[in-house]
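Have a look at the structure below before the remarks.
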Amino acid sequence: MPAKPSVAPRDWASQPPYVYPGYKSTVKRGPTRPLLPLKSALVQRNAPVYGHEDIGPLDHDLTRNAARNGAPLGERIVVTGRVLDEDGRPAAHTLVEIWQANAAGRYVHKADQHNAPLDPNFLGAGRCLTDREGRYRFLTIKPGAYPWQNHPNGWRPNHIHFSLFGQHFASRLVTQMYFSGDPLLALDPIYLSAPERGRGRLLSRLNLDVVGEAGFALGFEFDIVLRGPHETPAEA
Amino acid sequence: MKLTQTPSQTVGPYFSYALTSEQYGYDFRSLFGPVLAEPQVAGEHIRLTGRVIYGDGVPVPDAMLEICQANADGRFVASRAEGLASGFRGFGRCGTGTHPARHYWFDTVKPGAAAPGEAPCIDVIVTMRGMLLHAFTRVYFDDEREANARDPVLAALPAERRATLIATREAQPGGVAYRFDIRMQGSKETVFLDL
Chain A
2 MPAKPSVAPR DWASQPPYVY PGYKSTVKRG PTRPLLPLKS ALVQRNAPVY
52 GHEDIGPLDH DLTRNAARNG APLGERIVVT GRVLDEDGRP AAHTLVEIWQ
102 ANAAGRYVHK ADQHNAPLDP NFLGAGRCLT DREGRYRFLT IKPGAYPWQN
152 HPNGWRPNHI HFSLFGQHFA SRLVTQMYFS GDPLLALDPI YLSAPERGRG
202 RLLSRLNLDV VGEAGFALGF EFDIVLRGPH ETPAEA
Chain B
196 MKLTQTPSQT VGPYFSYALT SEQYGYDFRS LFGPVLAEPQ VAGEHIRLTG
246 RVIYGDGVPV PDAMLEICQA NADGRFVASR AEGLASGFRG FGRCGTGTHP
296 ARHYWFDTVK PGAAAPGEAP CIDVIVTMRG MLLHAFTRVY FDDEREANAR
346 DPVLAALPAE RRATLIATRE AQPGGVAYRF DIRMQGSKET VFLDL
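See the structure below:
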């Protein structure tokens with residue numbers, strides 16, 4: 002019987018641990034017992050089904066998808082990159098969902114009480130599907146840094162949250178994209194929770210050539226590598 | 196030469212206006228929500244509900260759950276068109292921040308067994324502020340005693356841990372509910388799967 006394609010295991014040398022004391026909330030929320038291993042045959046669940054029809058025409062453009070009476074404040078940026086598997090093969094037509102703070106470092110979320118202004122023209126949520134080459138593209142505003150309660154005078158580096166499924170239930174990824182050279186990175190326990198081997202994957206890099214129109218926006222490139230593929234030997 | 200996996204990072208406390216927008220009342224269309232099965236879908240309609248409980252025994256108000264399951268015949272949805280035609284999505288998403296007691300809930304049908312020898316189950320992803328990467332777990336049903344006894348995943352567990360994966364059937368005024376609490380830590384810590 003031929004081997005079935007499945008999803009490669011989590012690479013614990015590049016993934017953060019469940020409990021990372023520098024990020025205090027993990028101490029009471031992260032599982033502490035060993036995970037129960039499953040035979041691959043039992044875990045071949047697919048990602049949810051969706052299609053291009055589910056994506057609105059402005060879902061990828063955060064500078065316009067919540068505009069009421071003008072453009073949002075802040076630096077316009079293009080964020081683009083490819084979604085790949087560990088063999089470098091593109092994840093085509095896969096969903097990418099993002100959310101972020103506005104240029105002042107304030108989230109629309111009702112629980113965010115940071116004393117920085119909301120922007121009436123900015124929600125901070127977007128989504129798109131990758132193309133055949135696994136490429137996604139968003140137009141947005143560069144998010145601001147904001148304080149959090151983890152440690153005295155702690156500030157999160159500028160970041161954009163990403164949520165992806167890939168092709169398998171097990172290739173689910175929720176992560177954050179940062180900006181290379183941000184001096185807050187060296188102080189951020191969430192970023193530092195990722196082992197050094199994987200940390201570079203969290204950094205976008207400036208690439209003005211991805212924008213396509215001179216003088217319009219800064220461009221940042223951010224490739225994402227999902228788990229897989231994994232060839233499982235046929236079970237006896 | 197393998198590419199290094201992108202590390203997971205926490206979903207944080209502010210995901211809801213993007214990932215669960217309609218449930219939380221934000222003006223942004225949701226692709227996934229707590230309803231997996233429209234009324235016309237064949238099978239026993241159930242509500243799966245419970246809380247996510249962290250170290251101190253307190254329910255988590257900002258967790259997000261995603262579930263994936265087969266239909267009542269044990270089949271998974273193969274395409275968007277099939278899901279639209281049948282009214283069964285096979286996948287749901289719900290946050291714990293809108294219910295006063297911090298419950299999550301999914302309105303669905305009880306799944307059939309996905310393969311011979313396996314008990315009916317629902318796969319779950321749980322994530323929240325304070326988790327750097329999501330956890331996988333699985334819901335089984337307490338009225339499937341025989342199937343549960345043969346199931347290879349449950350069989351791999353000592354009895355006291357097995358109980359953490361089994362939902363309890365409750366008759367409620369609106370219909371049948373299965374109660375399934377997820378305990379992140381402690382003596383009754385839920386079994387999480389290496390998946």
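As they're listed, the protein sequences go chains A and B.
All residue numbers for the first sequence refer to this note's numbering, where the first residue is 2 and numbers rise by one.
All residue numbers for the second sequence refer to this note's numbering, where the first residue is 196 and numbers rise by one.
Don't be surprised by glycine CBs; every beta carbon is placed ideally from N, CA and C.
Here the structure is a predicted model, which means the values were calculated and not measured.
In this structure, the beta-carbon distance from Leu388/B to Arg345/B does not fall below 9 Å. Fully enclosed beta strand (DSSP E) runs of no fewer than 3 residues occupy 174-180 of the region 172-203 of chain A, in order along the chain.
Taking a beta-carbon distance threshold of 9 Å, Ala112/A counts as an interface residue toward chain B. In the three-state DSSP reduction, Ala72/A falls in the coil class, being neither helix nor strand.
A contact is defined here as three or more CB-CB pairs under 8 Å, and the region 241-251 of chain B meets this definition with respect to the region 294-302 of chain B. The continuous alpha helix (DSSP H) containing Arg275/B extends over residues 275-281. Within the region 361-390 of chain B, Met379, Gln380, Glu384, Val386, Phe387, Leu388, Asp389, Leu390 place their CB atoms closer than 7 Å to a CB of chain A, listed in sequence order. For Lys197/B, the chain A residues whose Cβ falls inside 8 Å of its Cβ are Glu87, Asp88, in order along the chain. Residue environment analysis places Ala310/B among the exposed positions, since fewer than 16 neighbouring C-beta atoms fall within 10 angstroms of its C-beta. Cβ-Cβ separation between Pro49/A and Phe227/B: approximately 7 Å, consistent with a contact (criterion under 8 Å). Taking 4 residues as the shortest admissible run, the region 14-92 of chain A contains the following complete alpha helix (DSSP H) segments, listed from N- to C-terminal end: 27-30. Residue contact with chain A for Asp318/B: present (Cβ-Cβ distance below 9 Å to some residue of chain A).
Listed by position along chain B, the residues whose Cβ is nearer than 7 Å to that of Thr176/A are Thr201, Pro202, Ser203, Gln204. Per the coordinates, the alpha-carbon of Ser181/A lies some 23 Å from the alpha-carbon of Trp13/A. Distances from the alpha-carbon of His162/A to those of Ser26/A, Ala105/A, Pro121/A, Tyr192/A put Tyr192/A closest.
In this chain, the beta strand (DSSP E) harbouring Arg136/A covers 136-142.
Residues of chain A with a Cβ closer than 7 Å to the Cβ of Thr322/B are, in chain order, Val175. In the displayed model, Asp318/B falls within a strand according to three-state DSSP. Taking a Cβ-Cβ threshold of 8 Å, the residues of chain A close to His329/B are Arg173, Val175, in chain order. Taking C-beta separations shorter than 6 Å and ignoring five residues to either side along the sequence, the partners of Asp318/B in its chain run Cys263, Arg333, following chain order. Only those residues of the region 149-174 of chain A whose C-beta falls short of 7 Å from the nearest C-beta of chain B are listed: His162, Ser164, Phe170, Ala171, Arg173, Leu174. Asn159/A is the residue among Asn159/A, His53/A, Thr33/A whose C-alpha sits nearest the C-alpha of Glu76/A.
Taking every protein chain shown into account, the CB of Glu261/B has 16 or more other CB atoms within 10 angstroms, so this residue is buried. Contact annotation: Gly52/A and His115/A have beta-carbon atoms that are not nearer than 9 Å.
The contact set of Asp12/A on chain B, defined by CB atoms closer than 8 Å, consists of Thr199, Gln200 in chain order.
Counting the other CB atoms within 10 Å of its CB gives Leu360/B a total of 16 or more, which places it among the buried residues.
Put simply, the backbone Cα of Val371/B is about 31 Å away from that of Arg324/B. Exposure of Gly213/A is indicated by the presence of fewer than 16 other C-beta atoms within 10 angstroms of its C-beta. At a cut-off of 9 Å between C-beta atoms, Lys29/A counts as an interface residue with respect to chain B.
For Cys263/B, the residues of chain A that pass the 9 Å Cβ criterion are Arg46, Asn47, Ala48, Pro49, Phe170, in the order they occur in the chain.
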